[in-house]
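Numbering (the working numbering), first residue to last: 12 to 385.
Following: one structure in structure tokens, then a few remarks.
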């Protein structure tokens, strides 16, 4: 019942927004409210079959909120309730930081429920919902804010994923959790002699992860994503939109990892031998960050010209871009703007892209106002 009501709400919202029919939007809001009430009832006797339906329902609710700009805070409260019931955790998810995160965290909690039950069924469903959680907002929010990734998406084998994109997802999850460890280690009390081993572990893991990202880039070079870090023009030879999306994600994740490593307190525990080969070849972290930022510019410039609007017209990145392109570039642009070592001239370019994307998406600002990069 919950899934049927959510499908009705989503369908009505899509139609109502596309055709500017207020009556359809009103019916969509009513159907969504009924879905919320029904979900509360379903959670009181949650089974694996119901969990599958609720997983789909929460994903659709995330899409529904994109169509319904007046999304009720009642649904936010419902997702907090869902997390508390299914995941047995206390949380306060009232931040406006990319609204889909709330729904995707509900989905992640339901996936953890299924994992705890030892269910091996529903591989297609798990793959289909894991993608949006990892690639859209949830993981990106955790990565940006220095929070741990949900346990439900950390086990790649449970999803049967072996593609380069899936491998990058797992690396991004590792970056997310390493960053969370780093922020815990910045507390001066943790730098006491008793924590030397823990500190060394964090630093070593950072170097190993940077090497893993470097190896990932080498592995996919033969698949068409071959970009030389020494290039300086905004004309990177990216073959497809998918390659460009992967490239922006890679650059953003690695820039965050390098920046987080730079922020670690300089103590006697830091072992220069753990630095990765890639960082060692550069004269400074700032130099590598600048190269990655430049390549992100290449990929974004390609994306905003390759992704066209619904009328089929090609747009250039100096003009207003297609909404889909704006959604794709929002996260990497926000990452680039949050890193201190990105050159001012590059930041100005990213700021211009952020302003354009925000205008297209109907947002006042691109970055969150109450939370952000730590």
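All residues carry an ideal CB built from backbone N, CA and C; glycine is no exception.
Treat the numbers as computed from the prediction; the structure is a model and nothing was measured.
For residue j and residue i, the rounded distance between their alpha carbons
| i | j | result |
| --- | --- | --- |
| residue 371 | residue 208 | 49 Å |
| residue 316 | residue 124 | 42 Å |
| residue 69 | residue 215 | 38 Å |
| residue 251 | residue 63 | 33 Å |
| residue 29 | residue 152 | 29 Å |
| residue 368 | residue 311 | 12 Å |
| residue 274 | residue 348 | 16 Å |
| residue 176 | residue 53 | 34 Å |
| residue 154 | residue 65 | 26 Å |
| residue 40 | residue 33 | 11 Å |
| residue 305 | residue 357 | 8 Å |
| residue 302 | residue 61 | 48 Å |
| residue 100 | residue 122 | Low local confidence applies: a pLDDT of 31 at residue 100 is under 50, so the model's placement there is unreliable, with the coordinate-based value given in what follows. Cα to Cα, the separation comes out at about 15 Å. |
| residue 14 | residue 211 | 48 Å |
| residue 262 | residue 49 | 42 Å |
| residue 118 | residue 344 | 26 Å |
| residue 12 | residue 346 | 40 Å |
| residue 362 | residue 272 | 24 Å |
Contact under 8 Å by Cβ, residue i with residue j
| i | j | result |
| --- | --- | --- |
| residue 224 | residue 182 | yes |
| residue 300 | residue 259 | no |
| residue 73 | residue 42 | no |
| residue 16 | residue 46 | yes |
| residue 219 | residue 191 | no |
| residue 26 | residue 35 | yes |
Exposure label - residue i; buried when at least 16 CB within 10 Å
| i | result |
| --- | --- |
| residue 55 | exposed |
| residue 174 | exposed |
| residue 355 | exposed |
| residue 309 | buried |
| residue 58 | exposed |
| residue 31 | exposed |
| residue 229 | exposed |
| residue 180 | buried |
| residue 366 | exposed |
| residue 160 | buried |
Cβ-heavy atom distance, residue i to the ligand FMN, below 7 Å
| i | result |
| --- | --- |
| residue 175 | Within the structure as shown, the ligand FMN is missing, as the structure has no ligands at all. |
Residues of its chain near residue i, where Cβ-Cβ distance is below 8 Å and the 5 sequence neighbours each way are ignored
| i | result |
| --- | --- |
| residue 314 | 252, 255, 256, 259, 336, 339 and 340 |
| residue 297 | 352 |
| residue 318 | 252, 332, 333, 335, 336 and 339 |
| residue 268 | 186, 189, 190, 217, 220, 221 and 224 |
| residue 360 | 308 |
Residues near residue i by beta carbon distance below 6 Å, same chain, minus five either side
| i | result |
| --- | --- |
| residue 350 | 266 and 270 |
| residue 342 | 151 |
| residue 264 | 183 and 186 |
| residue 44 | none |
| residue 364 | 344 |
| residue 67 | 14 |
Spatial neighbours of residue i in its chain, beta-carbon cut-off 7 Å, leaving aside the 5 residues before and after
| i | result |
| --- | --- |
| residue 178 | 227 |
| residue 71 | 17, 18 and 21 |
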